[in-house]
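Novice: The following block contains the structure, expressed as structure tokens.
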Amino acid sequence: MEPTVIFLESRDGDGDADADAGAHDDAHGGLFGFGFGAVPASGVAMACLPETTVGEATERGECAVCLEEYEAGDALRTMPCAHGFHERCIFGWLRLSRLCPLCRFALPPEEGHGG
């Protein structure tokens with residue numbers, strides 16, 4: 001069986017792919033850009049995440065946000081779902097989305113963002 005290739009064209013069909021993609025983003029709430037409707041986590045909830053430091057004897061793993069291995073002295077934060085990340089990585093993530101990057105556990109939303 002040979003693969004089927006399907007070409008999609010915008011409704012206006014003017015051939016301007018960049019403009020058409022932008023219109024598509026606008027129509028879908030910016031799904032393909034940073035305006036994808038994500039809700040940031042509450043700063044209070046972020047500050048309350050348990051903090052640990054990687055020690056020499058600590059079993060090593062890797063941060064699912066930056067994909068780097070933990071090293072002795074790294075500051076980690078643990079989500080209520082028990083997933084841990086570099087502090088700098090998870091705080092950056094949670095300023096954009098209140099969902100755990102691994103299991104989608106939801107922290108409370110930042111005030112004024114609903115959720």
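Residue numbers (the UniProt record's numbering): 1 to 115.
Where is the CB? At the ideal position from N, CA and C, for every residue including glycine.
Here the structure is a predicted model, which means the values were calculated and not measured.
#1: Return the chain-ordered ranges of every beta strand (DSSP E) run that is complete within the region 51 to 83 and spans a minimum of 3 residues.
#2: Buried or exposed: where does L76 fall if 16 or more other Cβ atoms within 10 Å of its Cβ makes it buried?
#3: Hey, could you find the ends of the alpha helix (DSSP H) E87 is sitting in?
#4: Where does A38 fall in DSSP's three states?
#5: Judging by CA-CA distance, which residue of L107, E111, E69 and R95 is the nearest neighbour of T58?
Specialist: Based on what the coordinates show:
#1: 51 to 53 and 75 to 78
#2: buried
#3: E87 to L94
#4: coil
#5: E69
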